[in-house]
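K.L.:
Residue 2 is where the sequence shown starts when you use the working numbering, and the numbers rise one by one after that. Cβ coordinates follow ideal geometry from the N, Cα and C atoms, glycine included. Provided herewith is a single structure, encoded as structure tokens, for subsequent inquiry.
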Amino acid sequence: MIQECKEMTAVNMAQVLGDENSRKILIATHLKPKTASEISENYGIPIAICYRRIKTLENMALVQKDEQILTQKGKRRWSYISNIHKLELMYRDGKIAARYELRNGFVENL
2 MIQECKEMTA
12 VNMAQVLGDE
22 NSRKILIATH
32 LKPKTASEIS
42 ENYGIPIAIC
52 YRRIKTLENM
62 ALVQKDEQIL
72 TQKGKRRWSY
82 ISNIHKLELM
92 YRDGKIAARY
102 ELRNGFVENL
């Protein structure tokens with residue numbers, strides 16, 4: 002089970018990437034923004050889990066809100082887009098390390 006991430010670490014990154022639903026969300030939002038409902042329907046993720054994983058990914062700055070969309074029923078929904086440009090996860094000298102690059106060019110080694 003994924004814990005809410007308060008601090009970005011290589012272990013947290015490995016935990017998130019190890020979760021199939023988190024990976025599906027990152028893949029779904031890589032090229033264009035999607036709402037949680039679209040992700041849930043297209044990737045078979047229960048909607049409550051989808052929202053929880055999006056929140057975790059958002060807290061880690063791996064996805065972000067893109068725009069608010071008005072549904073046919075008049076409800077407002079956010080679309081989300083992945084911030085990840087490149088991500089590497091490594092196991093070296095008995096430790097987990099990660100390196101990621103965001104779309105805006107920010108790079109961090111964990």
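Please name the residue in Ser-38, Met-14, Glu-21 and Lys-96 whose C-alpha comes closest to that of Tyr-81.
P.N.:
Start at 1 with the first residue of the sequence shown, and residue 81 comes out as number 80. When only C-alpha atoms are compared, the closest one is Ser-38.
K.L.:
Just to confirm the assignment, what range does the beta strand (DSSP E) spanning Met-9 have?
P.N.:
If you number the sequence shown from 1, residue 9 lands on position 8. Counting along the chain, Met-9 falls outside any beta strand (DSSP E), and DSSP gives it neither H nor E.
K.L.:
Measuring straight from C-alpha to C-alpha, what distance separates Arg-77 and Glu-68?
P.N.:
Translated into positions along the sequence shown, residue 77 becomes position 76. Translated into positions along the sequence shown, residue 68 becomes position 67. About 10 Å.
K.L.:
May I have the straight-line CA-CA distance separating Arg-104 from His-86, to the nearest angstrom?
P.N.:
The sequence position of residue 104 within the sequence shown is 103, counting from 1. The sequence position of residue 86 within the sequence shown is 85, counting from 1. If you take the alpha carbons of Arg-104 and His-86, they lie about 5 Å apart.
K.L.:
Nearest to Lys-25 by CA position, among Gly-75, Asn-13, Gly-45 and Met-14, is which residue?
P.N.:
As a position in the sequence shown, residue 25 is number 24, starting the count at 1. Residue Gly-45 is the option with its Cα nearest to Lys-25.
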